[in-house]
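Heads up: the structure comes next, in C-alpha cells.
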Amino acid sequence: MVAPVLTVEHLTMRFGGLTAVSDLSFEARTGDITALIGPNGAGKTTVFNCITGFYKPTEGRLTLAHADGSTHLLERLPNHQVNRTARVARTFQNIRLFPGMTVLENLLVAQHKTLMRASGYTVLGLLGLKSFRDAEAAAIEKAKGWLERIDLTARADEPAGGLPYGAQRRLEIARAMCTDPVLLCLDEPAAGLNPRESADLNALLRHIRDAEATSVLLIEHDMSVVMEISDHIVVLDYGKKIADGTPEEIRTNPSVIAAYLGVEDEEVEAVEAEVGLALPHQEHTA
Amino acid sequence: MARTASDAMPAAALPGTAAPAGALGGILRDAALYALVAFGLCVPLVAYRTDPGPEGLVLVPRWGLVAILCGAIFVLRLLQRLLLLRRDARRALTASPAQATEAVAGEPDAGQKTSKVGLKVFVAVALTLPVLATLATGDLASSRYWIDLGILILTYVMLGWGLNIVVGLAGLLDLGYVAFYAVGAYSYALLATTFGLSFWICLPLAGLFAGLWGMLLGFPVLRLRGDYLAIVTLAFGEIIRLVLINWTDVTGGAAGVSSIPRATFFGIPFTADEDGFAAKLGIEFNTMHRVVFLYYLILVLALITNFVTMRLRRLPIGRAWEALREDEIACRSLGIDTTATKLTAFALGAAFGGFAGSFFAVRQGFISPESFTFLESAIILAIVVLGGMGSQFGVAIAAVAMVGGPELLRNLGFLSAVFGEGFDPSEYRLLLFGLAMVAMMVWRPRGLISVRMPSVSLGERRAISGAHVSEGHG
Ligand SMILES: Nc1ncnc2c1ncn2[C@@H]1O[C@H](COP(=O)(O)OP(=O)(O)OP(=O)(O)O)[C@@H](O)[C@H]1O
Ligand SMILES: [Mg+2]
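Top line first, the protein sequences correspond to chains A and B.
Using UniProt numbering, the first residue of the first sequence is number 1, and each one after it goes up by one.
Using UniProt numbering, the first residue of the second sequence is number 1, and each one after it goes up by one.
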C-alpha cells in the first residue's frame with residue numbers, strides 16, 4: 001500500500017466569523033485523480049488555497065508525501081516553497097496566465113527553478129556559458145513536448161492573452177506540469193469548455209496521471225468530467241465533507257443528491273434531515 | 001501613470017456611428033457643447049484683464065481672445081471626433097486576433113519597421129555626435145553646447161534604462177529613484193575628496209553602495225503593492241535628500257561637496273602640462289578633450305546598462321521579472337520567490353542609478369542636495385512611461401524629447417516677434433510638458449513604443465501588442 005500523496009487532517013479555515021472549511025479530513029491517493037466537488041461557495045477553492053500555501057489554515061495539518069518517502073507539512077511552508085520543495089502545482093479558477101508573454105515564455109517561466117540553477121543564479125548565464133545554453137535548450141524541448149500535447153505548437157510565439165479560452169485553460173495546465181509536480185491541483189479546468197474540448201481535457205488528465213505519474217486533485221462542476229475520470233470523489237457542502245468514495249458510491253449517495261444535485265437551497269436541510277444527516281449549518285441562514 | 005487601457009477610449013460614447021448623417025449632427029452638437037464650456041471658463045478667466053490705470057485698476061475687455069479660444073476648441077474637438085469616427089469604422093472591419101482559432105502570421109507594422117531604422121540612426125548619431133557637432137558648428141570649442149547637451153541626454157537615457165528594469169520589467173512603481181542617483185553621486189564625491197580614491201575605483205563602489213541601499217529599502221517595502229509602494233519609495237527619496245541636507249559633518253549639508261576630482265583618462269589627467277593627456281598624445285591642449293571623453297564615458301555606461309538589461313531579459317531572472325509584472329500570484333504558484341525576484345530588480349536598477357550618479361559627480365565637480373529633488377524622479381519616471389514601459393529604444397527617444405525638448409524652447413527667441421517683447425518660451429516648459437503628457441495619454445497611453453519583444457521564440461521573433469502586456473501592480 002503506497003502512502004497517500006496528500007493527507008488532509010482536520011483542516012479548518014475561518015475568515016472572521018465565516019467558517020469556509022470546517023474540520024475537513026480526506027486523502028488523495030498516489031496515482032489517483034481525486035475530485036473535490038460541492039455546490040458554489042462550498043469551500044473548494046479555499047481548500048486549494050490552503051494546500052498551495054496561499055492561505056494559512058486556521059487549524060489542521062496537510063501532509064504531502066513524495067515517492068522517496070519524504071514528507072512535507074504544507075501548512076508550514078511559505079507560499080512559493082509549496083511548489084518549489086513540496087512540488088505541488090496548481091491552476092486557478094479564473095485563469096492566471098502571463099498574458100503579455102508568449103505561450104513558450106509561459107512554459108519557460110514555469111521552469112524557473114531549474115533554469116535559475118543552471119544559470120548559476122544569473123552570473124553564469126550573463127557570461128553565456130555552454131552549460132546554461134544546454135539547460136535552456138532542454139527547457140525549450142520540454143516546453144515543445146507539452147505544446148505538442150496541448151496542440152499549441154503553431155501558436156507558441158503568440159501572446160498567451162490572445163489565445164481562445166479553451167487553449168488558455170490547456171496552457172495553464174501545461175505550465176503547471178512544467179514545474180514537475182507530484183500533485184497537480186486543478187480548479188475547475190473544464191469551466192467554459194465545449195464538449196470536444198472537454199473530452200480532450202479528459203484525455204490530457206489521464207495522460208498526466210498515467211504517463212507523467214502525477215497525482216491529480218480536481219475541483220469540477222461538470223459531472224461528465226468528474227464521473228468519467230475520477231478514481232475517488234470527496235464532496236463538500238458548506239465547508240464540511242458530506243461524502244467520500246468512488247464515483248459509483250457518490251452517484252447513489254442520498255446526501256450528495258440532496259445537497260448537491262438539484263435541490264433548492266431552502267429544501268436542503270429538510271432533505272438532509274430526511275436522509276439522516278442533521279448537520280448544524282449556521283451559514284444556511286445567511 | 002498610463003494605467004488606463006488603450007481600449008478604454010470613448011468609442012462607446014459615439015451614439016450615431018452607424019448613420020453618418022446623424023453622427024455628423026451629433027459631433028457638431030458635441031463640439032458646440034465643448035465650445036460653450038470653454039466660453040463659460042473663459043468669461044471669468046480671460047474676458048477681462050485688470051491693468052493698473054491712472055486712478056486704480058481698469059478693466060480691459062478681451063472678447064476677441066475669448067472668441068478665438070472658443071473657436072479653436074470647437075475646431076479641435078470637431079477634428080478629434082471626426083478622426084475617432086474614421087478609426088472606429090476602420091477597426092470595425094478588422095477582426096481582433098484574439099478571436100482567431102488558428103495561428104495568424106503577423107506582419108511587423110509600420111511603427112516596428114520605422115523603429116528598426118530609427119534605432120540604427122539613433123546609435124549612429126550617438127556614436128558620432130562629437131564629430132557631427134564639430135562639423136556643424138565649425139570647430140571643437142563651439143560644439144561644446146551640443147556635446148554638453150548630449151551628455152545630459154545620455155545621463156537621462158541611462159537613468160531611464162536603469163529605472164526601466166524596476167518599472168518597465170518588474171512592474172514596481174518607484175517614485176524615489178533619484179535617491180540611488182544621489183547615493184552614487186555622494187559615494188564618489190565623498191570617497192574621492194576624503195580618501196582620494198580615483199574615479200575608476202569609485203565607479204563600481206558607487207554602484208555597489210546604491211545597490212545595497214536598494215536592497216535595504218527593498219527588504220521592508222517590497223511586500224507593499226502598487227500605490228503603497230509608490231508612496232514609500234517617494235518618502236525614501238525625500239529622506240535621502242533630507243539626510244544629505246542635515247548631516248552637515250559628512251555631506252556638507254545644503255552647501256554640498258565641491259572640488260570633486262575631475263575625470264582622468266585612466267589615470268592621465270586632462271591638463272595642459274607635460275603629464276597631461278594632450279602632451280602624452282602629442283596633440284595641442286584643448287579643454288574640449290575632457291568633455292568629449294566624458295561624452296564617450298556616459299555613452300559607454302549607458303550602452304553597458306542597455307546591454308546588461310537586454311541580456312538579463314533573456315535569462316530566467318529577467319523572465320521572472322516580467323512574469324512578476326504580469327501576475328504575481330501565478331508566479332508564486334510556480335515556485336518563484338517573488339520577494340527575492342523583486343529585490344534583485346530593485347537592487348540592479350538602483351546600482352545603475354548609482355553608476356549614473358557617480359558620473360554626474362565627476363562631470364559636475366560639485367554636487368548638492370538641490371540636484372536630487374523629487375522633480376528628477378518624476379522626470380526619469382516620465383521618460384520610462386512615455387517611452388513605453390519595458391522598451392529600451394522608446395526610453396531613449398523619450399529621454400531625447402524630455403531633456404532635449406526644453407533646450408529647443410530656448411532657441412525659439414523669434415517667437416517674441418509674434419507674442420511681444422517679454423515673451424520667453426522657456427517659461428512655458430512645464431505647460432508644454434503637461435500638454436505633451438495629456439496628448440500621450442490620449443493617443444498612446446502605453447508609451448511611444450508599446451510593443452513587447454518576446455525573450456525567446458521557436459519561429460521568427462514577433463512583437464506582442466501592448467494591449468496584452470500588463471503594467472504591474474507593484
Ligand atoms: N479571502 C476570503 N475572505 C473572506 N471570505 C472568503 C475568502 N475566500 C473565500 N471566502 C468565502 O469562503 C466561502 C467558500 O468560498 P470558495 O471560493 O472556497 O468556494 P468554492 O467552493 O470554490 O465555490 P465555487 O464553486 O463558486 O468556486 C465563500 O463563502 C467565500 O465567500
Ligand atoms: Mg471555487
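Beta carbons: idealized from backbone N, C-alpha and C, even for Gly.
Predicted model only: the values in this text are computed from it and were never measured.
(request) For P159(A), go through chain B and note every residue whose CB falls closer than 7 Å to its CB, in chain order. (result) Residue mapping note: residue 159(A) aligns to position 159 of the first sequence, counting from 1. Correct list: I464, H468.
(request) Identify the contact partners of S198(A) in chain B, using a Cβ-Cβ distance below 7 Å as the criterion. (result) If you number the first sequence from 1, residue 198(A) lands on position 198. Simply none; closest approach about 17 Å.
(message) Any residue with its C-beta under 7 Å from a non-hydrogen atom of ligand 2 counts. Can you list them all in chain order?
(response) K44(A), T45(A), Q93(A), D187(A), E188(A), I219(A)
(request) Using a Cβ-Cβ cut-off of less than 8 Å, give me the residues of the stretch 300–318 of chain B that come near chain A, in sequence order. (result) V308, R311, L312, L315, P316, I317
(request) Would you mind giving the Cβ-Cβ distance between Y156(B) and I383(B), rounded to the nearest angstrom? I have them listed as a contact below 8 Å. (result) Translated into positions along the second sequence, residue 156(B) becomes position 156. Translated into positions along the second sequence, residue 383(B) becomes position 383. About 6 Å; that satisfies the 8 Å criterion.
(request) Examine ligand 1 and report whether any of its heavy atoms sits within less than 7 Å of the Cβ of N79(A). (result) Stepping through the first sequence from its first residue, residue 79(A) is reached at position 79. Outside the cutoff, so no.
(request) Would you check whether ligand 1 has a heavy atom nearer than 7 Å to the C-beta of A20(A)? (result) For the purposes of this step, residue 20(A) is taken as the residue at position 20 of the first sequence. At least one heavy atom of ligand 1 is nearer than 7 Å to the Cβ of A20(A), so yes.
(request) Quick one: list the residues of chain A neighbouring T338(B), beta-carbon separation under 9 Å, in chain order. (result) What you label residue 338(B) is simply residue 338 of the second sequence in a count that begins at 1. Simply N79, H80.
(request) Please confirm if the stretch 82–100 of chain A is in contact with the stretch 321–330 of chain B, defined as three or more CB-CB distances below 8 Å between the two stretches. (result) yes
(request) Determine the closest residue to R313(B) out of S391(B), A124(B), A133(B), A396(B), with distance taken between C-alpha atoms. (result) Numbered from 1 along the second sequence, position 313 holds the residue referred to as residue 313(B). Nearest option by C-alpha distance: S391(B).
(request) List the residues that DSSP assigns as beta-bridge partners of R14(A). (result) Indexing the first sequence from 1 puts residue 14(A) at position 14. According to DSSP, R14(A) bridges with T19(A).
(message) Taking the alpha-carbon of P316(B) as reference, which of A42(A), T19(A), L73(A), V109(A) has the nearest alpha-carbon?
(response) Counting from one through the second sequence, the residue named residue 316(B) turns up at place 316. Comparing Cα positions, the closest option is V109(A).
(message) Using the Cβ count rule (16 or more neighbours within 10 Å means buried), how would you classify A72(A)?
(response) Locating residue 72(A) in the first sequence gives position 72, where the first residue counts as 1. With the sequence shown as reference, residue 72(A) is identified as His, and Ala is not the correct amino acid for it. H72(A) comes out buried.
(message) If we define contact as Cβ-Cβ less than 8 Å, is S198(B) a contact residue for chain A?
(response) Numbered from 1 along the second sequence, position 198 holds the residue referred to as residue 198(B). No - not a single Cβ of chain A is within 8 Å of the one on S198(B).
(message) Counting only Cβ pairs nearer than 9 Å, list the residues of chain B close to E108(A).
(response) As a first step, residue 108(A) must be located in the first sequence, where it is residue number 108. As written in the sequence, residue 108(A) is Leu, which differs from the Glu given in the question. Per Cβ cutoff of 9 Å: P316, R319, S455, V456.
(message) With a threshold of 8 Å on Cβ separation, who are the neighbours of R461(B) within its own chain once the five nearest residues in sequence on each side are excluded?
(response) Numbered from its first residue, the second sequence carries residue 461(B) at position 461. Correct list, in chain order: M453, P454.
(message) Between which residues of its own chain and S465(B) is the CB-CB distance below 7 Å, once the five residues before and five after are set aside?
(response) One-based indexing of the second sequence puts residue 465(B) at position 465. If we look at S465(B) and ignore the five residues flanking it on each side, its Cβ neighbours are V451.
(message) Are the CB atoms of R90(A) and D187(A) within a distance shorter than 8 Å?
(response) Against the first sequence, residue 187(A) aligns to sequence position 187. Against the first sequence, residue 90(A) aligns to sequence position 90. Yes, the Cβ-Cβ distance between D187(A) and R90(A) is below 8 Å.
(request) State the DSSP-derived secondary structure class of Y145(B), mapped to helix, strand or coil. (result) Position 145 of the second sequence, counted from the start, is the residue given in the question as residue 145(B). Three-state DSSP puts Y145(B) in a helix.
(message) When you compare the CB positions of residue 491(B) and L234(B), do they come within less than 8 Å of one another, or not?
(response) Outside the displayed range of chain B (1 to 474) lies residue 491(B), so it cannot be described from this structure.
(request) Starting from K240(A), trace the beta strand (DSSP E) both ways and give me its first and last residue. (result) To locate residue 240(A), count along the first sequence from 1; it is residue 240. Segment 240–245, the beta strand (DSSP E) holding K240(A).
(message) For the alpha helix (DSSP H) containing S358(B), name the first residue and the last one.
(response) Your numbering for residue 358(B) matches position 358 in the second sequence. That run of the alpha helix (DSSP H) goes 338–364.
(request) State whether the stretch 194–202 of chain A contacts the stretch 129–141 of chain A, with contact taken as three or more CB pairs (one from each stretch) at a distance under 8 Å. (result) no
(request) Could you tell me whether the stretch 174–181 of chain A touches the stretch 207–214 of chain A, where touching means 3 or more Cβ pairs closer than 8 Å? (result) yes
(request) Pick out the complete beta strand (DSSP E) segments inside the stretch 7–80 of chain A, 3 residues or longer, and give them in chain order. (result) 18–28, 33–37, 59–65, 71–73
(message) With distance defined between alpha-carbon atoms, name the residue in E172(A), V226(A), S255(A) nearest to I37(A).
(response) For this step, residue 37(A) is matched to residue 37 along the first sequence. Nearest C-alpha to I37(A): V226(A).
(message) If the cut-off is 7 Å on Cβ atoms, which residues from the stretch 52–64 of chain A count as contacting chain B, listed in chain order?
(response) T52
(request) Kindly say whether T252(A), judged by its beta-carbon, lies nearer than 8 Å to any beta-carbon of chain B. (result) One-based indexing of the first sequence puts residue 252(A) at position 252. T252(A) does not count as touching chain B.
(message) Here's the rule I'm using: 16 or more other beta-carbon atoms within 10 Å means buried, otherwise exposed. How should E328(B) be labelled?
(response) The residue labelled residue 328(B) in the question sits at position 328 within the second sequence. Classification for E328(B): buried.
(message) I'd like to check one pair, S224(A) with S198(A): are the Cβ atoms closer than 8 Å?
(response) By 1-based counting over the first sequence, the position of residue 198(A) is 198. By 1-based counting over the first sequence, the position of residue 224(A) is 224. Cβ distance < 8 Å, so S198(A) and S224(A) count as in contact.
(message) So with CB distances below 7 Å, who are the chain B contacts of G100(A)?
(response) Locating residue 100(A) in the first sequence gives position 100, where the first residue counts as 1. What G100(A) touches in chain B: E326, R452, I464, H468, V469, S470.
(message) One question on the structure: do F60(B) and C42(B) come within less than 8 Å of each other, judged by their Cβ atoms?
(response) Indexing the second sequence from 1 puts residue 60(B) at position 60. Indexing the second sequence from 1 puts residue 42(B) at position 42. The sequence given here has Val at residue 60(B), not Phe. No, these two residues do not count as a Cβ contact at 8 Å.
(message) Nearer than 7 Å: is that true of the beta carbon of A38(B) relative to any heavy atom of ligand 1?
(response) The sequence position of residue 38(B) within the second sequence is 38, counting from 1. Because no heavy atom of ligand 1 lies under 7 Å away, the Cβ of A38(B) does not count as near it: no.
(message) When you measure from the CB of N411(B) to every non-hydrogen atom of ligand 1, does any distance come out below 7 Å?
(response) Sequence index remark: in the second sequence, residue 411(B) carries index 411 (1-based). No - ligand 1 has no heavy atom lying nearer than 7 Å to the Cβ of N411(B).
(request) Tell me whether A100(B) sits in a helix, a strand or coil according to DSSP, three-state version. (result) Here residue 100(B) refers to the residue found at position 100 when the second sequence is read from its first residue. At A100(B), the pLDDT of 49 sits below 50, so the modelled position is not reliable; the number obtained from the coordinates is stated separately. A100(B): coil per DSSP, three-state reduction.
(request) May I ask which residues mark the beginning and end of the alpha helix (DSSP H) holding Y296(B)? (result) Here residue 296(B) is taken as the residue at index 296 of the second sequence, counted from 1. Residues 288–313.
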